[in-house]
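For reference, the structure is listed below as structure tokens.
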DNA sequence: AACAGTTAGTTCCAATTAGGAACTGATAGT
DNA sequence: ACTATCAGTTCCTAATTGGAACTAACTGTT
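Protein chains in written order, with the working numbering: chain A, 69 to 227; chain B, 69 to 227.
Rendered as structure tokens:
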């Protein structure tokens, strides 16, 4: 199976990764959340080559994560803005950044701290169940298979 | 800049992605959370080529996300198990899967539902501040720069 | 003893993708 | 006329991927 066909899988994670799972793409989104919107700004901040950046921005726009908005005519130029769909990826980025803070920082400590405005403390990101409001660990989750794919998704002999 | 040098950046997200940001790696971890541990099981479930799988498992083990544990001698064979560091990635996977459920499912609906055992309802994953317990949106976060990299990380003219 | 089966890889080659640098096109400012 | 801005595109080489076959170290079966 080719990576570019991964969106054919009946798996929400695989389909998500078909849009945002390529190299560089999550770093593009990081910069989007920092307010970066223009091609050259992404390129200079990331150091990614221009045609890879061009490809990633196109995929993100086609996938609905970013929208291409004209910010001037003559010459026509566009910038890239997060859509609601894109902003919904914030928890993914926050948890990944926190995971790096925890396990991969050097002596000088994490480069950025995310402060929760409402409580004034550094964010300790947790996974919360929106229904009951409690924090959730992996063991707290039970998987239910959609009957349509019954028996094809979960491993048979493991748990 | 080459993608393989991305772990040199003073950015926790970039360093996280250096370990888990390659194509296929998050799908390997998805299967780890489903209880898959052996090379051939990963290979058959994912459809990834064997040498790419070999490379990804090696990087995950070197990065501390998985540990290679012998499950038999003669011939010596190993399986791959999530470490605590690896289990800490669960929120990332849960949010990515939920994002796919929300935006990328087809007519038959999401293939799997994650049920929160404690409350019995399908998980509505949210980003929670562990300090105050409230749900967090992107706008609730203020970034503070580590003085050690002052002025080099955040964009100058955006927000 | 010979043979197939299991399992975690490695090796080989063609095809795709990435990295680096230069180039294009439309326009504004000097 | 010349330089600068800015979002790309084009070109070439180098690295990575996809696919298939192969290896090594056994176990179990005829």
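Every residue gets a Cβ at the ideal spot worked out from N, C-alpha and C, and that includes glycine.
Whole-Å CB distance - residue i paired with residue j, under 8 Å assumed
| i | j | result |
| --- | --- | --- |
| residue 158 of chain B | residue 195 of chain A | 7 Å |
| residue 161 of chain B | residue 107 of chain B | Not really, about 21 Å apart at Cβ, beyond 8 Å. |
| residue 87 of chain B | residue 127 of chain B | 7 Å |
| residue 91 of chain A | residue 71 of chain B | 5 Å |
| residue 223 of chain A | residue 109 of chain B | 7 Å |
| residue 89 of chain A | residue 69 of chain B | Not confirmed; about 19 Å, so no contact. |
Minimum C-alpha distance to residue i - residue among the options
| i | options | result |
| --- | --- | --- |
| residue 99 of chain B | B:73, B:144 and B:155 | B:155 |
| residue 208 of chain A | A:216, A:197 and A:218 | A:197 |
| residue 193 of chain B | A:203, A:185, A:184 and A:189 | A:203 |
| residue 206 of chain A | B:134, B:69 and B:150 | B:150 |
| residue 216 of chain B | B:188, B:78 and B:70 | B:78 |
| residue 82 of chain A | B:109, B:138, B:136 and B:95 | B:95 |
| residue 97 of chain B | B:115, B:112, B:80 and B:133 | B:133 |
| residue 185 of chain B | A:200, A:188 and A:189 | A:200 |
| residue 171 of chain A | B:191, B:137, B:131 and B:172 | B:131 |
| residue 219 of chain B | A:113, A:129, A:136 and A:80 | A:113 |
| residue 153 of chain A | A:147, A:146, A:140 and A:135 | A:135 |
| residue 103 of chain A | A:191, A:129, A:187 and A:147 | A:147 |
| residue 80 of chain B | A:174, A:89, A:139 and A:140 | A:174 |
| residue 139 of chain B | B:115, B:221, B:105 and B:129 | B:105 |
Contact set between residue i and chain B, taken where Cβ atoms lie within less than 7 Å
| i | result |
| --- | --- |
| residue 110 of chain A | Going along chain B, no residue has its Cβ under 7 Å from residue 110 of chain A, so there is no contact; the nearest lies around 10 Å. |
| residue 173 of chain A | 80 |
| residue 83 of chain A | 168 and 172 |
| residue 15 of chain A | For chain A, the structure presents residues 69 to 227; residue 15 of chain A sits outside this window and is missing. |
| residue 176 of chain A | 214 and 216 |
| residue 155 of chain A | 206 |
Listed by chain order, chain A residues near residue i by CB distance under 8 Å
| i | result |
| --- | --- |
| residue 101 of chain B | 206 |
| residue 192 of chain B | 197, 198 and 199 |
| residue 118 of chain B | Residues of chain A passing the Cβ test: none, with the nearest at roughly 12 Å. |
| residue 94 of chain B | 81, 85 and 89 |
Neighbour list for residue i in chain A, Cβ cutoff strictly below 7 Å
| i | result |
| --- | --- |
| residue 182 of chain B | 209 and 211 |
Beta-carbon neighbours of residue i, restricted to chain B and to distances below 8 Å
| i | result |
| --- | --- |
| residue 189 of chain A | 197, 199 and 200 |
| residue 139 of chain A | Those within 8 Å of residue 139 of chain A in chain B number zero; the least Cβ separation is about 13 Å. |
| residue 179 of chain A | 78, 79, 80, 213, 214, 216, 217 and 221 |
| residue 160 of chain A | 160, 163, 164 and 167 |
Amino acids of chain A, ordered along the chain, whose beta-carbon sits closer than 9 Å to that of residue i
| i | result |
| --- | --- |
| residue 149 of chain B | Correct list: empty, because the minimum Cβ distance to chain A is about 11 Å. |
| residue 186 of chain B | 197, 200, 202, 204 and 208 |
| residue 125 of chain B | None at all; the shortest Cβ gap to chain A is about 16 Å. |
Does the stretch 180 to 187 of chain A come within contact of the stretch 162 to 177 of chain B, defined as at least 3 CB pairs closer than 8 Å? The stretch 180 to 187 of chain A is not in contact with the stretch 162 to 177 of chain B.
Validate contact between the stretch 209 to 220 of chain B and the stretch 113 to 130 of chain A using beta carbons, cut 8 Å, 3 pairs: No, because fewer than three Cβ pairs between the stretch 209 to 220 of chain B and the stretch 113 to 130 of chain A fall closer than 8 Å, the two stretches do not touch.
Can you list, in chain order, the stretches of the beta strand (DSSP E) that have 3 or more residues and sit fully within the stretch 123 to 201 of chain A? You should have 134 to 140, 145 to 150, 180 to 184 and 193 to 197.
Enumerate, from N- to C-terminal direction, the unbroken alpha helix (DSSP H) stretches of 4 or more residues contained entirely within the stretch 80 to 112 of chain A. The qualifying runs are 80 to 88 and 93 to 101.
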